[in-house]
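Note that full-length UniProt numbering has the sequence shown beginning at 1, numbered continuously upward.
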Amino acid sequence: MAKLIFRLSNVPEDEAIDVRRLLEENNIPYYETDAGFWRVGVDALWLSDDSQYEQVKALLETYQKSRTAEQQQRYQQQVADGEAETFVGRNARKPIRFILLAIAILFVLSFTLLPFMAFLS
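The structure is reproduced here in structure tokens:
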């Protein structure tokens with residue numbers, strides 16, 4: 001029976017490519033599924049042969065540790081260079097989106113608190 005080895009939803013494309021390459025380099029048969037048009041399925045990589053599950057698990061764990069260290073190092077370098085994305089920088093790039101979201105939050109908050117404000121007065 002097939003085993004789920006790696007979910008692809010919300011995974012950067014370069015990471016998905018790296019995982020596929022890792023499996024192919026180690027001659028591990030796998031297949032890929034997508035969530036489909038209505039997104040009710042699972043974007044994932046599945047192991048065809050259950051007997052290789054422990055090997056795949058160890059390979060992916062090693063890969064994830066090295067990728068985590070690499071990404072943390074990259075982020076620290078961006079912080080040191082002053083290139084890391086910040087809250088202010090992200091919202092400065094898309095000010096209209098930020099303003100509309102702030103208005104929507106205030107709108108929902110006002111309707112949520114309105115009954116309590118009427119009760120207090």
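No residue lacks a Cβ here, since even glycine has one placed at the ideal position from N, Cα and C. Predicted model, so just to flag it, every value in this text is computed and none were measured.
Quick one: grab the DSSP three-state call for residue i.
{"i": "Ile5", "result": "strand"}
{"i": "Thr33", "result": "strand"}
{"i": "residue 124", "result": "Any property of residue 124 remains undetermined from this structure, which presents the chain solely from 1 to 121."}
{"i": "Arg21", "result": "helix"}
{"i": "Asn10", "result": "coil"}
{"i": "Gly41", "result": "coil"}
{"i": "Lys65", "result": "helix"}
{"i": "Lys94", "result": "coil"}
Could you check if residue i is buried or exposed, using at least 16 other CB atoms within 10 Å of its CB as the buried criterion?
{"i": "Ile103", "result": "exposed"}
{"i": "Leu4", "result": "exposed"}
{"i": "Val19", "result": "buried"}
{"i": "Gln52", "result": "buried"}
{"i": "Leu114", "result": "exposed"}
{"i": "Leu23", "result": "buried"}
So, residue i versus residue j, is the Cβ gap smaller than 9 Å?
{"i": "Ala2", "j": "Asp34", "result": "no"}
{"i": "Tyr30", "j": "Ser48", "result": "yes"}
{"i": "Asn26", "j": "Gln64", "result": "no"}
{"i": "Arg7", "j": "Ala58", "result": "no"}
{"i": "Trp46", "j": "Glu32", "result": "yes"}
{"i": "Ala69", "j": "Gln78", "result": "no"}
So, for residue i: in the same chain, excluding its five sequence neighbours on each side, which residues have a beta-carbon less than 6 Å away from its beta-carbon?
{"i": "Phe98", "result": "Asn91"}
{"i": "Ala16", "result": "Leu8"}
Can you check DSSP and say which residues form a bridge with residue i?
{"i": "Leu47", "result": "Lys3 and Tyr30"}
Looking only at its own chain, which residues have a Cβ that is under 8 Å from the Cβ of residue i, when we skip the five neighbours before and after it?
{"i": "Ile105", "result": "none"}
Would the C-beta of residue i count as close to the ligand HEM, meaning under 8 Å from any of its heavy atoms?
{"i": "Val79", "result": "Ligands displayed in this structure: none; no statement on the ligand HEM is therefore possible."}
If I measure Cβ to Cβ from residue i and keep anything under 7 Å in the same chain, skipping five residues before and after, which residues do I get?
{"i": "Phe119", "result": "none"}
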